[in-house]
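Residue 373 in my numbering sits at position 167 of the sequence shown, and the numbers go up by one each step.
Okay, structure first, notes after.
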Amino acid sequence: MLRQPDVKPIADGIQDLLVVEVVTDEGIVGIGEVHTSPLIAQAVIQAPLSHVSSRGLREIVLGRDPLQREVLWNDMYRLSAVYGRRGVAIHAISGIDIALWDIAGKVAGMSVAQLLGGDADKSVRAYASILLADTAEGVRVDVRQCLDAGFPAIKLGWGPLGVDLMGCVELVEAARKEAGEGIDIMVDVGFGADVRMAMRFARALEPLGVYFLEEPLSPDNLDGYARLAERSNVAIATGEKETTCHGFRQLMERGRVDIIQPDIARAGGITEVKKIVDMARTYGVTCIPHCWSSDILLSATMHLVSCMPDIPYVEFCTLQTPLRRKVTTSPIDVVDGVVRVPPGKGLGVELDPSTMSKYRIRSETGTQGGGGVRERMNTRDGMQGDAGTRGTGNRRRSRK
Ligand SMILES: [Mg+2]
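Have a look at this one:
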């Protein structure tokens, strides 16, 4: 768990972070990230056996073959189903799954993009993802900075949108004026108006040429999304809080949105989000993954989109905070308005040890009397039971 010293109740999801490392018995280390409340996800990973289908993820994957990503995903899903199936359990599965893909790439000597059959040299246009300033002047300054940095598109989110939706129309007008034509502008409400208010807002945004309107309703208001998407001429996007194929199937079938935004470090990792991406194509829905976190998530996102022929943009958070930019040794940059798939094996990222030691915090989760679950586990042959290490002799079992 990494945490900056001054976490505030603002719409910045990279003030703290859970990094997952999966270590194999050959010493290969896979890196993943969970994009949620870190302490809660850590508990999901470290929890001891409680019931046959209520188990900590660590205990499920220990001693297993890390190359069996599908098998492990299904076991993690099935054996956490009492408390899981959605939400934080899937967030935590996502982090382990990303790490397993990193391992698979390192074992095969290929990038994750190559494992997915994608284009490892792909570049995708990046939209600058920023918080909406409170004043028109503030918006102009922010938009100018993004333009100077070469972004072809800018998303303005949260902030005053949650206070006075219609009052923000003039802020979006200021953004459009500063950006001129030819730059895409997106607007991210961040949760919840009602359908009528969202419809009024969408109509007001229409003459401003807004590329999409994001999360104008509660994630559970699927019927509201369907009504809004039906009537709005601005594309409706959502999905950063949704998880699994099942959730996204509901969102597309019942919510009928134009654009879905699965977050790979929440929605189920690379394994599940690849399925969501493929499913979206069959529904004729555009997929632009949510990506507001460290370069671990950005890297995983780039590898996944390397096999998407129709990806219009990737999200790029422009914050310069340590957890946004310094978790890995080589920050991923936007050059000429695009992001490239990181080179190298696996995800192509390495953790920066100085950031790890400076921002790491420890919790007592999973420990009893100080000894803790972690220290007592036998990583070679400690796994028992129906998710255990049947089939011995595999040299690439995972341990953590
Ligand atoms: Mg959003």
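Don't be surprised by glycine CBs; every beta carbon is placed ideally from N, CA and C.
Proximity of residue i and residue j at Cβ, strictly below 9 Å
i: GLY236; j: ALA305; result: yes
i: ILE220; j: ARG530; result: yes
i: ALA359; j: ALA332; result: yes
i: GLY365; j: ASP340; result: yes
i: ARG292; j: THR449; result: yes
i: ALA385; j: VAL330; result: no
i: LEU618; j: ASP394; result: A query on residue 618 cannot be resolved here, the shown segment of the chain reaching from 207 to 606 and no further.
i: LEU557; j: THR535; result: yes
Identity of the residue in the options nearest residue i by Cα
i: MET514; options: THR524, VAL483, VAL544, PRO528; result: VAL483
i: VAL511; options: GLY453, LEU321, GLU376; result: LEU321
i: GLU387; options: VAL416, ALA399, GLY373; result: VAL416
i: ILE309; options: LYS551, TYR565, SER560; result: LYS551
i: ARG264; options: ASP303, GLY233, SER536; result: ASP303
i: ASP464; options: CYS523, VAL267, VAL440, ASP370; result: VAL440
i: GLY554; options: PRO537, GLU379, ARG566; result: PRO537
i: VAL626; options: ALA355, CYS352, VAL345, PHE357; result: Since the first residue of the chain shown is 207 and the last is 606, residue 626 is not available in this structure.
i: TYR489; options: GLN456, TYR519, SER563; result: GLN456
i: GLY356; options: ASP542, LYS564, THR561, ARG566; result: ASP542
i: ALA319; options: MET562, GLY363, HIS509; result: HIS509
Neighbour-count burial assignment, residue i, 16 or more Cβ in a 10 Å radius
i: ARG382; result: buried
i: GLY161; result: Lying before the first or after the last residue shown, residue 161 is absent from the chain, which here runs from 207 to 606.
i: VAL347; result: exposed
i: ILE216; result: exposed
i: GLN526; result: exposed
i: LYS214; result: exposed
i: VAL547; result: buried
i: ILE372; result: The question names Ile, but residue 372 in the sequence shown is Met. Counting Cβ neighbours within 10 Å, MET372 comes out exposed, since fewer than 16 surround it.
Sequence-distant residues of its chain with Cβ nearer than 8 Å to residue i (five each side left out)
i: LEU434; result: VAL401, ALA404, MET405, ALA408, PRO422, LEU423, ILE442
Close-in-space but distant-in-sequence residues of the same chain around residue i (CB under 6 Å, 5 per side omitted)
i: GLY301; result: VAL226, GLY238, GLU239, VAL240
i: PRO468; result: GLY445, VAL479, ILE482, PRO495
i: ALA253; result: GLY262
i: ASP390; result: ALA359, TYR417
Residue i: CB within 8 Å of a non-hydrogen atom of ligand 3
i: ILE442; result: The ligand content of the structure shown is limited to ligand 1, which means ligand 3 is not among them.
Cut-off 7 Å between Cβ atoms - residues of its own chain near residue i, not counting five sequence neighbours on either side
i: VAL294; result: THR242, ILE246, ALA247, VAL250
i: PRO413; result: none
i: ILE266; result: ASP281, MET282, LEU285, ALA593
i: MET583; result: For MET583, the predicted model reports a pLDDT of 28, less than 50, meaning its position is unreliable; a value from the coordinates is still stated below. Result list for MET583: LEU268, in chain order.
i: ASP501; result: VAL533, THR534, PRO537, ILE538, VAL555
i: GLY398; result: LEU423, SER424
What does the shell around ligand 1 hold, if a residue joins when its beta-carbon is under 6 Å from any heavy atom?
Look at which beta carbons fall closer than 6 Å to any heavy atom of ligand 1; those residues are GLY363, ASP394, GLY396, GLU420, GLU421, GLU446.
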